[in-house]
Amino acid sequence: MPQAARILLVEDEQQIRKMLRIALTSIGYQVLEAGSRLQGLKQFLAEQPHLVILDLGLPDGDGMQLLKDIRQQAGTPGRTPVLVLSVRNSDTDKVQALDLGAQDYVSKPFSIEELLARVRAQLRDHARPETLEQVSDGRLSIDLTTRRVTVAEQLVDLTPKEFKVLALLTQQLNSVITSQQLLEQVWGPTHKDDSHYLRIVVSHLRQKLGDDPTEPKYLRTEPGIGYRLLLTPQKHA
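Residue numbers 2 to 238, in our numbering, belong to the letters of the sequence shown in order.
This is the structure:
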């Protein structure tokens, strides 16, 4: 994503908005601002930003509703990445936001360095083609078309469900996918609460990818929420 990427900041606290505006513009991003849900929707429709940073506690309504509005206007759940920034830190709120289509969730108080890193990751991922079929960081290579996964050029033998979980995480690279979403898409709607199925598959995937479960490089657990695949592709993956 070019440095001139447009970021829509929907936040009613002026001090936080100012801090984020300074941080984002200092590294070359164009920042659009809104202090309410209605202003945020108007800015989104008029400016078509590359990324939305969304606070949930807005003066004229819940930010969750704006997230729904954005997803309806955007046409597809993943077209414009939304990063939720909120004082709400319960697993229920995080899961709800991610289920509604947010790509990431950062709780207040937050580290500005961490937030900027997550912004860069979302913009980088959004700049890729919408259908991600092949990705590699030089060590781990995933080809969704041929269903081929290699680690250090050695073929990894995956079961159908292991591959399906890895494929879903690859398609939303660096973004959190809730456990419920993974369970419903891999095992079916009747298994949405069978989290032990998913834990077993993720454990097997980590073993096969050589990922240390105590400090995973690739398959990161978001406690109480779900999982994300962390991978920075090479330019010519």
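Glycine included, C-beta positions come from ideal geometry on N, C-alpha and C. These figures come from a predicted structure and were not determined experimentally.
Does DSSP put residue i in a helix, in a strand, or in coil?
i           : result
residue 21  : helix
residue 86  : strand
residue 233 : coil
residue 215 : coil
residue 198 : helix
residue 179 : strand
residue 6   : coil
residue 63  : strand
residue 153 : coil
residue 57  : coil
residue 221 : strand
residue 34  : strand
residue 91  : coil
residue 44  : helix
residue 105 : strand
Leaving out the 5 sequence neighbours to the left and right, which residues in its chain are closer than 8 angstroms to residue i when beta-carbon positions are compared?
i           : result
residue 203 : 166, 220, 222 and 228
residue 20  : 113
residue 25  : 8, 10, 32, 117 and 120
For residue i, which residues from the same chain have a beta carbon less than 7 angstroms from its beta carbon, with the 5 sequence-adjacent residues on both sides left out?
i           : result
residue 101 : 65, 68, 69 and 72
residue 98  : 65, 68, 85 and 106
residue 124 : 2, 6, 51 and 52
residue 42  : 67 and 70
On the criterion of 16 or more Cβ atoms from any shown chain inside 10 Å, does residue i qualify as buried, or is it exposed?
i           : result
residue 234 : buried
residue 88  : exposed
residue 148 : exposed
residue 146 : exposed
residue 27  : exposed
residue 47  : exposed
residue 200 : exposed
residue 104 : buried
residue 175 : buried
Could you tell me which of the options sits nearest to residue i, measuring between CA atoms?
i           : options            : result
residue 180 : 34, 206, 53 and 96 : 96
residue 83  : 162, 17 and 177    : 177
residue 57  : 30, 27, 14 and 74  : 14
residue 206 : 186, 139 and 152   : 152
For residue i, I'd like the list of residues in its chain whose CB is within less than 6 angstroms of its CB, leaving aside the five on either flank, ordered along the chain.
i           : result
residue 131 : Here the model assigns residue 131 a pLDDT of 47, short of 50, so the residue's position is not dependable and the matter cannot be decided.
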